[in-house]
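A.B. asks: I am attaching a structure below and will ask some questions about it afterwards.
Number of protein chains: 2
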Amino acid sequence: MPRSPRNRPALTHPEPDEFDVLDILHALSDPTRMTIVQTLRAAPERACGTFAVDVAPSTLTHHFRVLREAGVIRQREDGNRRWTALRDEDLEARFPGLMDAIVTAYENGLA
Amino acid sequence: MPRSPRNRPALTHPEPDEFDVLDILHALSDPTRMTIVQTLRAAPERACGTFAVDVAPSTLTHHFRVLREAGVIRQREDGNRRWTALRDEDLEARFPGLMDAIVTAYENGLA
DNA sequence: CCTCTCATTCGACATTCATCGTACAAGAGT
DNA sequence: ACTCTTGTACGATGAATGTCGAATGAGAGG
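Which chain is which? The protein sequence lines are Z and R, in order.
Position 95 of the first sequence, counted from 1, bears residue number 95 in UniProt numbering, the numbering being contiguous throughout.
Position 75 of the second sequence, counted from 1, bears residue number 75 in UniProt numbering, the numbering being contiguous throughout.
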């Protein structure tokens, strides 16, 4: 057998209809989470452990949940790993230009 | 004499150079504050008491401070009143398109 | 079977936050 | 003067948040 998902509580992903701008803004207002998002813009999909953020694993899990429940990222089980990707299309369809403006502004402010 | 400002701690307004995107996102991630911003988009300047938000006056003061310290609004003393306005130009100069994208997305999500 | 890796859940902790009531300060208007 | 209006400051309070360590569960690979 190729791969079977883990027997863990299913990952909850809101539908685009359920996205709330305020939740998204809140999710992105944290430096660690913004770093995660920025990293994901450069790579289509990453495993949890491959992010250059300086927090404990359990803290990282917490941040992923906040991003996931806001609709910013999608997570997929694959054996022992959990792959994370931006929900680019869903976000763009629901709130055109929003993510671009925010991430651009963030990178602009790093100077 | 026309008008003299109150004898109160001066209003602190950050310079555009000091704006922090994460602070702005955090400031806008609250429904009351977003309502304030949205209201200010329609009117150039308003007195504090003229906002249709359902919170106590002291709470309103708190929200104004958060917005002000993030650089979103500017407040001006005038006799007994405090006038509030969006810092449109400063925000646009520092983070082009950011406020537009966010407020548009917010209004889009009210449907 | 045993161990290692990956990421989670749980519980705890300190901090921040939104909210309010009360008291206060000062201008406006009578 | 006196009172009303405007908005703040302070202190308290309950909720949410970011952080971690320890324990857990499950796949991967020897």
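By construction, the Cβ of each residue, glycine as well, lies at the ideal position given by its N, Cα and C atoms.
These numbers come from a predicted model, not from an experiment.
#1: What number of angstroms, rounded off, separates the C-alpha of R:Arg94 from the C-alpha of R:Ala52?
#2: Could you work out which residue in R:Phe19, R:Glu89, R:Arg76 is closest to R:Leu11 when comparing CA atoms only?
#3: At the 7 Å Cβ level, is R:His13 part of the contact set with chain Z, yes or no?
#4: Buried or exposed: where does R:Leu98 fall if 16 or more other Cβ atoms within 10 Å of its Cβ makes it buried?
#5: With DSSP run on the structure shown, which of helix, strand or coil describes R:Arg8?
#6: Can you name the residues of chain Z whose CB is closer than 8 Å to the CB of R:Asp20?
#7: If we ignore side chains and look at the alpha-carbon of each, how far apart do Z:Asp30 and R:Leu60 end up?
#8: Are the region 11-24 of chain Z and the region 98-110 of chain R touching by the rule of at least three beta carbon pairs closer than 8 Å?
#9: Three or more beta-carbon pairs under 8 Å between the region 43-52 of chain R and the region 76-86 of chain R, yes or no?
#10: If we define contact as Cβ-Cβ less than 7 Å, is R:Ala52 a contact residue for chain Z?
#11: I'd like the span of the alpha helix (DSSP H) that includes Z:Thr61, first residue to last.
#12: Taking the alpha-carbon of Z:Val37 as reference, which of Z:Val72, Z:Pro96, Z:Asp78, Z:Ala101 has the nearest alpha-carbon?
#13: R:Met34 to R:Leu28, Cα distance in whole Å?
#14: What are the residues that DSSP puts in a beta bridge with Z:Arg81?
#15: With 7 Å as the C-beta to C-beta threshold (strictly closer), list the residues of the region 56-83 of chain Z near chain R in chain order.
#16: According to the Cβ coordinates, are R:Leu25 and Z:Leu67 closer than 7 Å?
#17: Give the straight-line distance between the Cα atoms of R:Leu91 and Z:Glu15, rounded to the nearest whole angstrom.
#18: In whole angstroms, give me the CA-to-CA distance for R:Pro9 and R:Val103.
#19: Curious, which full-length beta strand (DSSP E) runs of at least 3 residues does the region 81-106 of chain R contain?
#20: Counting only beta-carbon separations shorter than 7 Å, does R:Leu25 have a partner in chain Z?
C.D. replies: Taking the coordinates as given:
#1: R:Arg94 and R:Ala52: Cα-Cα distance of roughly 29 Å.
#2: The shortest C-alpha separation from R:Leu11 is found at R:Arg76.
#3: At a cut-off of 7 Å between C-beta atoms, R:His13 does not count as an interface residue with respect to chain Z.
#4: So R:Leu98 ends up on the buried side.
#5: The answer is coil: DSSP assigns R:Arg8 none of H, G, I, E or B.
#6: Near R:Asp20 (Cβ distances below 8 Å), the residues of chain Z are Gly109.
#7: Taking the straight line joining both Cα atoms gives about 24 Å.
#8: Using a C-beta cut-off of 8 Å, the region 11-24 of chain Z makes contact with the region 98-110 of chain R, since at least three inter-stretch Cβ pairs fall below that distance.
#9: With a cut-off of 8 Å on Cβ pairs, the region 43-52 of chain R is in contact with the region 76-86 of chain R, counting three or more such pairs.
#10: With its beta carbon at least 7 Å from every one in chain Z, R:Ala52 lies outside the interface.
#11: That run of the alpha helix (DSSP H) goes 57-70.
#12: Checking every option, the nearest Cα to that of Z:Val37 belongs to Z:Val72.
#13: When rounded, the distance between both Cα atoms is 5 Å.
#14: Per DSSP, Z:Asp78.
#15: Of all residues in the region 56-83 of chain Z, none has a Cβ within less than 7 Å of some Cβ in chain R.
#16: No, the pair does not count as a contact, with Cβ atoms beyond the cut-off.
#17: Each residue's Cα considered, the two are about 32 Å apart.
#18: In a straight line, the C-alpha of R:Pro9 is about 31 Å away from that of R:Val103.
#19: Segments of the beta strand (DSSP E) lying fully in the region 81-106 of chain R: 81-86.
#20: Residue-level contact by beta carbon holds for R:Leu25 and chain Z, with a gap shorter than 7 Å.
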